[in-house]
Structure formats: C-alpha cells, structure tokens
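Asker:
Residue numbers (the working numbering): 23 to 134.
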C-alpha cells in the first residue's frame, strides 16, 4: 500500500499497516495481464504462416494456430475494480483494436 496525494507518496515503511494522512488516498500496485487475440473469422496471416511452416519441421499434429499479444503492466489504484476499469479503457483506446481483436484481462495484487 502507498499513500498518494496528487501523485506524491508519503515516506514510511510501505507496510500494509501504514496509515495515510487525511486527504490522501491509499493505493495498491495491481498487476494486469491482457491477452489480445483475433476475433473469430478475422484472418491471422502470422498464424497461417506458422501453421504452414511447422509440418516442414516435423510437427504434423498441430493445427488452428492463432498468434496474439500478451501485455503485462502495473497499475496503481485504490482497489481492484478501479484498476480493472482503467485497464479496460486502455484496451479500448490503445492496446487492442476492437474491430478485429478481443481481449481478456486478469488483475492481481502485485506480489501475490
């Protein structure tokens, strides 16, 4: 936990028993994992290329290859729902193209 007042943190031990001054907000580091993949029916040329190449390497038992993105980030927020809302907004605005991509978000408290 960290105490924050307009972006500044207080000094202290950083332990979970730390008290925040009046007018400050306790924030926690949340780790977010975002998995971005193509929507069904959207062509995946990179996945198709890998799928065509694998048999030449002796892997004839592999099919339906899809290539996506895995994004990891840390968000400082007062609680998990706030962190999730911010990451969802990041996905809609920048991290994923909603026209051709879907995404899944996993949020955990950092260090757990």
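All C-beta atoms, glycine included, are put in the ideal place defined by N, C-alpha and C.
Keep in mind that this is a model prediction, so the values were computed, not measured.
1. Given a cut-off of 7 angstroms, decide if residue 52 and residue 129 are closer than it, judged by their beta-carbon atoms.
2. Does the Cβ-Cβ distance between residue 47 and residue 100 come in under 7 angstroms?
3. Please determine, among 124, 103, 104, the residue with the shortest C-alpha to C-alpha distance to residue 113.
4. For residue 54, count neighbouring Cβ atoms within 10 angstroms of its own Cβ and tell me buried if that reaches 16, exposed if not.
5. Quick check: residue 57 and residue 85, are their CB atoms within less than 7 angstroms of each other?
6. In this structure, how does DSSP classify residue 60 when only helix, strand and coil are distinguished?
7. Here's the rule: buried if 16 or more other CB atoms are within 10 angstroms of the residue's CB, otherwise exposed. What is residue 117?
8. Among 68, 50, 63, 108, which one has its Cα closest to the Cα of residue 90?
9. Could you check what DSSP says for residue 116 in three-state terms: helix, strand or coil?
10. Are residue 72 and residue 87 touching if we call contact CB-CB under 7 angstroms?
Answerer: A quick look at the data gives this:
1. yes
2. yes
3. 124
4. buried
5. no
6. strand
7. buried
8. Checked all of 68, 50, 63, 108; the closest Cα to residue 90 is 68.
9. helix
10. Contact: yes.
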